[in-house]
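Protein sequences, first through last, are from chains W and E. Take the first sequence: its letters are residues 4 to 189, numbered as in the numbering used here. Take the second sequence: its letters are residues 4 to 189, numbered as in the numbering used here.
2 protein chains.
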Amino acid sequence: MPTSSTSRGEATARIFTVFRDRGFEGATLAELARATGLGKSSLYHYFPNGKDDMVLAVFDLLDQWLEENMVKPLQSPGTPAQRLRTILRALDELYDGGRNACVLGVLVVGGARERFQARLKASFKTWIGAMRDLAVEAGVARREAQHRAENVVIRIQGALILAGGLGDPEPFRRELRQVEQHLLAG
Amino acid sequence: MPTSSTSRGEATARIFTVFRDRGFEGATLAELARATGLGKSSLYHYFPNGKDDMVLAVFDLLDQWLEENMVKPLQSPGTPAQRLRTILRALDELYDGGRNACVLGVLVVGGARERFQARLKASFKTWIGAMRDLAVEAGVARREAQHRAENVVIRIQGALILAGGLGDPEPFRRELRQVEQHLLAG
DNA sequence: GTCTATAACGGGATAGAC
DNA sequence: GTCTATCCCGTTATAGAC
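Right, dumping it as structure tokens:
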């Protein structure tokens, strides 16, 4: 169906990286156009409300990613520990071993938060919910599982911040290893 | 010596909150002027290089805060646990129980990181170093103390992100309580 | 759907009087 | 040190041809 050289979906994937690296107010139309290979007019063709629409598309893409890489592994075969490993590997890849920021964390700061609070909350809840369900399945009491799941997300977000601030991805890598031990521990 | 109604120091304190709440690119001169009660020209009188100079002043202020509230308590009387409590109380106040963002975390995202990487790294290292020294004094081996200190900073940063994303400060409050148990544990 | 051109606006920054 | 006025540029957004 798509007739253009760069589909809306392909454009969204590029736009994702621009918001992740530059933040909402730091992402200019010029850079978004360059990153997608589209002219400004074409961007407005796909995203009539400009950057706001682009961010919503990024949330849609992110929610697909969460569904595929966090939620779907809950129904896969294997032990909870094995599936957790799969999940953490996907996160490690998404964040490029601590060298990439998290677009959710980026959109929490500045004026973007107010605008997209509902989507931010929903995405975080999806993520936390998946981690919690895995812990519950491994025998952790539901309330404790919820807290551990939030703790996992907190530590990943914080590790990405520190890695960025130090200019060194190592804190992220160590934290990811510890998280693996922590979530399902007896 | 200051003859103006709003001194540079007072202005910096207000500017701090604007960058914290809006981010570097989100903070406009109009808002910075409004928040300080100064005209644009007065801002440029105090900060000849505009927003860049303002951020440097914010780093100076923050480093003073770290010295007073993280480093100085290391020489205070009392057990390490007591001094840790004092330190965590100061952080709880700084972040208003999880309702405020961390200006360090905010400046890590977007184009501000590259510009201020050195200052960011220095501030994080000061903070981590203080936490580490406290753990060492409590009998934790130095390498383990360093890791725990980084973990504390990671969890505080991450908790602020999640609190912002969910629009609920509770994750921060719980994390702060857990951090208190974790840093010095035998 | 994509292009060129441009409108309309807001941003950072400066000049010069006081 | 502060004010008013202004400049210049980048940014968002739109118009209209192809």
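Ideal Cβ placement from N, Cα and C applies to all residues, glycine included. Since the model is a prediction, treat every value here as computed from it, not as a measurement.
Legend entry - chain E contacts from the stretch 24-55 of chain W (Cβ-Cβ distance under 7 Å): 25, 26, 28, 29
Inset, instruction - Select from E:28, E:51, E:11 the residue whose C-alpha is nearest the C-alpha of residue 40 of chain E. - result: E:11
Inset, instruction - Indicate whether at least one CB of chain E lies closer than 9 Å to the CB of residue 101 of chain W. - result: no
Legend entry - Continuous alpha helix (DSSP H) assignments of at least 4 residues falling wholly in the stretch 106-158 of chain W: 106-111, 115-140
Inset, instruction - Could you name the residues of chain W that residue 75 of chain E contacts, counting a contact when the two beta carbons are closer than 9 Å? - result: Residues of chain W passing the Cβ test: none, with the nearest at roughly 22 Å.
Legend entry - Alpha-carbon spacing of residue 98 of chain E relative to residue 104 of chain E, whole angstroms: 6 Å
Inset, instruction - Determine the direct distance from the alpha carbon of residue 153 of chain W to that of residue 169 of chain E, and round the result to whole angstroms. - result: 11 Å
Inset, instruction - Determine the closest residue to residue 25 of chain W out of W:54, W:178, W:96, with distance taken between C-alpha atoms. - result: W:54
Inset, instruction - Specify the secondary structure class of residue 102 of chain E as computed by DSSP and reduced to three states. - result: coil
Inset, instruction - Mind checking which residues open and close the alpha helix (DSSP H) that includes residue 12 of chain E? - result: 11-25
Inset, instruction - Return the chain-ordered list of same chain residues with a C-beta closer than 6 Å to the C-beta of residue 115 of chain W, the five sequence neighbours on each side being excluded. - result: 27
Legend entry - Members of the stretch 126-153 of chain E that neighbour chain W once the beta carbon cut-off is set at 9 Å: 126, 127, 128, 131, 150, 153
Inset, instruction - Have a look at W:33, W:88, W:38, W:18 and flag the residue whose alpha-carbon is nearest the alpha-carbon of residue 134 of chain W. - result: W:88
Inset, instruction - Can you give me the Cβ contacts of residue 166 of chain W inside the same chain, cut-off strictly under 8 Å, excluding the 5 residues immediately before and after it? - result: 101, 102, 172, 173, 174, 175
Legend entry - Contact list for residue 104 of chain W against chain E, beta-carbon separation under 7 Å: 112
Legend entry - Endpoints, alpha helix (DSSP H) assigned at residue 69 of chain W: 54-69
Inset, instruction - Pull up the distance between the alpha-carbon of residue 147 of chain E and that of residue 186 of chain E, whole angstroms please. - result: 10 Å
Inset, instruction - Could you tell me whether the Cβ atoms of residue 164 of chain E and residue 160 of chain W are closer together than 9 Å? - result: yes
Inset, instruction - Could you say which of W:23, W:15, W:117 lies nearest to residue 50 of chain W if we only look at CA atoms? - result: W:15
Legend entry - Candidates W:138, W:93, W:118: closest to residue 73 of chain W by CA position: W:93
Inset, instruction - Verify the CB distance criterion: does residue 70 of chain E have a CB-CB separation below 9 Å to chain W? - result: no
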